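All remarks here apply to the structure that follows.
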Amino acid sequence: MKSNKNLLDAVPFAIAIALSAGFLLCGYEFIRSPSSSIYLEVYGKEKLPYAMLGGSIFTIIFLYGYGWLITFIGARRTLLVTSLFSFLVIAGCYLTVQSGIKISAWILYSFREAYIVVIIEQYWSLINSVLREDQAKKFNGPITGVGSLGAIAGGFAVGYLASKIHTEGLILLASASLLPSALFSEIAYRLGGEPAPSVEEKGKKSLAIKLFRDSSYLRRIALLIFLTQIVSTVLDIRFSGLVQDAFPIKDERTAFFGTFYARLNLTAGVLQFIVAPILLSFVRFRYIHPAIPIIHLISATVLLVKPSLFTGGLAYLVFKAFDYSIFRAGKEIFYMPLSFDSRYRAKEVIDAFGYRASKGISAGLTSLATAISNFFGYVLLYAVYPITAMVSAVLWFVTVTTVVRQHDKMINQSEQLK
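My numbering applies: residue 2 is where the sequence shown begins, and numbers increase by one.
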């Protein structure tokens with residue numbers, strides 16, 4: 002259901018979905034830093050991979066429900082239900098954390114990993130269904146930019162409020178943010194229209210796993226996401242460990258996380274509003290996407306050679322800033338030539354489950370490698386993380402080059418049929 006309207010006619014829809022993303026990502030900052038800080042307080046940095054594995058489990062459960070909901074109540078109501086469900090779960094986690102129930106720290110961290118990707122990918126499924134590719138090249142950057150403005154506000158608010166209402170109080174703000182985000186996503190659906198499956202696609206209750214057997218394109222996108230999240234996971238674990246060593250007091254650690262993520266999102270915002278629209282409009286995909294893993298290869302190498310809180314934070318900030326901006330805006334265009342099932346079902350498998358499953362798997366493997374490395378001393382123990390990031394970045398470069406070629410081929414074939 003691509004829009005036949007001109008660029009200006011698509012503006013109200015873009016504003017509505019951008020505001021929804023802004024509230025959602027602002028709220029995510031209110032849960033991201035506190036959940037990390039609380040988990041580190043209860044379990045320690047050594048058990049952080051278990052929380053990431055928990056995120057994979059929660060995402061699988063979430064996606065199973067999503068697959069049924071989208072079949073029986075449609076895409077619009079599914080987004081509303083998953084948003085309100087997340088509101089209730091996070092509010093419940095606040096109560097259990099306040100009660101001192103230890104496992105609630107694991108549940109809070111794991112659920113935060115699941116809800117954000119399932120909801121945000123539904124936003125992008127809608128965007129990819131409503132906007133044409135030429136419109137997306139103009140709007141995708143600013144849409145992610147407004148999301149980053151919300152995240153920036155949330156991050157600085159965490160840094161300011163952590164010592165005043167304490168870490169646990171921030172969780173309630175995360176829950177409350179889901180209400181305006183649900184409202185604006187509903188408005189976006191009314192402005193853009195609700196995409197519908199084809200006759201052949203109607204009634205399917207699965208997440209269209211069969212599509213992966215039939216499409217090497219989808220399989221390669223899935224592999225691409227797996228590799229990007231290996232880089233993300235190992236840099237995240239290394240950075241979190243460095244932060245715990247530098248800030249042993251919980252509220253101080255939460256405040257540092259909040260300020261760090263605000264700066265991260267500020268960097269991403271510049272890339273989203275200014276750099277991404279220019280690059281996507283004037284530079285070919287074949288040059289943009291392969292350049293990103295090269296940048297991460299360099300930052301991981303610096304972390305390996307000179308490990309510190311600064312280099313660890315820099316490597317993680319660079320990854321996330323690009324992931325939220327240029328990579329995200331460019332990646333979504335990969336889905337635009339595809340069917341409803343590919344955009345709404347296969348995409349959720351790749352970008353929600355794929356993100357979190359690969360994060361959990363890579364966290365588990367890294368944890369195993371770390372345990373083995375303990376026998377060989379401190380240097381090898383912490384070298385595992387940047388080395389893993391470097392190898393994954395090289396494989397990422399090879400994979401994304403192939404995906405770009407397939408995308409360009411699909412677009413050329415589509416234009417020839419017109």
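All C-beta atoms in this analysis are idealised placements derived from N, C-alpha and C, irrespective of residue type, glycine included.
Computed from a prediction, not measured in an experiment: that's the story for all the values here.
A175 by DSSP, collapsed to three states: which one? Three-state result, A175: helix.
At least 3 beta-carbon pairs within less than 8 Å: the region 242 to 249 vs the region 304 to 313 = Taking a cut-off of 8 Å on C-beta distances, the region 242 to 249 touches the region 304 to 313, as three or more cross pairs fall below it.
Would you say A223 and I351 are within 7 Å of each other, going by their C-beta atoms?
With a cutoff of 7 Å on beta-carbon distance, A223 and I351 are scored as near each other.
Using a Cβ-Cβ cut-off of 6 Å (strictly less than) and excluding sequence neighbours within five positions of Y379, which residues of its own chain qualify? Any answer about Y379 is weak, because its pLDDT of 49 lies below 50 and its placement is not dependable; what the coordinates show is given next. Sequence-distant Cβ neighbours of Y379 in its own chain, meaning closer than 6 Å and more than five residues away, do not exist here.
Q) Given 8 Å as the limit, is there contact between the region 28 to 47 and the region 103 to 112, that is, 3 or more CB pairs closer than that? A) Between the region 28 to 47 and the region 103 to 112 there are three or more inter-stretch CB-CB distances shorter than 8 Å, so the stretches are counted as touching.
Taking T83 as the reference, which of A152, L179, S57 has the closest Cα?
Residue L179 is the option with its Cα nearest to T83.
* What first and last residue would you give for the alpha helix (DSSP H) that runs through E114? -> Where E114 is concerned, the enclosing alpha helix (DSSP H) stretches over 104 to 131.
Next on the checklist: Quick test of the definition: if touching needs 3 or more C-beta pairs under 8 Å, does the region 287 to 300 touch the region 160 to 175?
Outcome noted: Counting Cβ pairs under 8 Å, fewer than three are found: no touch.
- Task: Select from Y29, A330, N129 the residue whose C-alpha is nearest the C-alpha of F14.
- Result: Of Y29, A330, N129, the residue nearest in Cα terms is N129.
Collapsed DSSP secondary structure at V147 in the structure displayed:
Three-state result, V147: helix.
*Can you tell me which of L318, V284, V303, S309 puts its alpha carbon nearest to the alpha carbon of S269?*
The sequence as given places Ala at residue 269; Ser does not occur at that position. For A269, the nearest C-alpha among the options comes from L318.
Worksheet item: Is the number of C-beta pairs between the region 293 to 301 and the region 174 to 191 that are closer than 8 Å three or more?
Response: Taking one beta carbon from each stretch, the region 293 to 301 and the region 174 to 191 have fewer than 3 pairs nearer than 8 Å; the two do not touch.
query = In terms of residues, what are the limits of the alpha helix (DSSP H) holding L291?
reply = Going by the sequence as given, residue 291 is Pro instead of Leu. 286 to 306 is the span of the alpha helix (DSSP H), which, as asked, contains P291.
Q | Proximity of A92 and V232 at Cβ, strictly below 7 Å | A | Inclusion of A92 and V232 in the CB contact set at 7 Å is not warranted, their separation being larger than that value.
Assuming the contact rule is C-beta atoms closer than 8 Å, S126 and K348 should be a hit. Round their C-beta distance to whole Å, please.
Rounded to whole angstroms, the Cβ separation of S126 and K348 is 6 Å, and the two are in contact under 8 Å.
What's the C-alpha gap between D409 and T403?
Looking at the two C-alpha atoms, the distance is approximately 10 Å.
Measuring CA to CA, which of Y356, R33, D10 is closest to S176?
Comparing Cα positions, the closest option is R33.
- Item | Contacts around M337, its chain only, beta-carbon distance under 6 Å, and the 5 residues preceding and following it disregarded | Excluding positions up to five away in sequence, the list reads N129, E134.
Notebook entry, point to check: In the structure shown, what three-state DSSP assignment does M391 receive?
Noted result: In the structure shown, M391 sits in a helix (DSSP, three-state: H, G or I).
Which of helix, strand or coil does DSSP assign to E253? Helix, per DSSP.
- From V401 to G331, what does the alpha carbon distance come to, in whole angstroms? V401 and G331: Cα-Cα distance of roughly 11 Å.
| query | Which same chain residues, not among the five before or five after L81, have their C-beta less than 7 Å away from its C-beta? | reply | Taken in chain order, the residues that qualify are A183, E187.
(request) State whether the region 145 to 158 contacts the region 263 to 281, with contact taken as three or more CB pairs (one from each stretch) at a distance under 8 Å. (result) Verdict: yes, contact present.
| said: Looking at the secondary structure, which residues open and close the alpha helix (DSSP H) in which G314 lies? | reply: Where G314 is concerned, the enclosing alpha helix (DSSP H) stretches over 310 to 325.
If I measure Cβ to Cβ from F31 and keep anything under 6 Å in the same chain, skipping five residues before and after, which residues do I get? If we look at F31 and ignore the five residues flanking it on each side, its Cβ neighbours are G155, L171, L174, A175.
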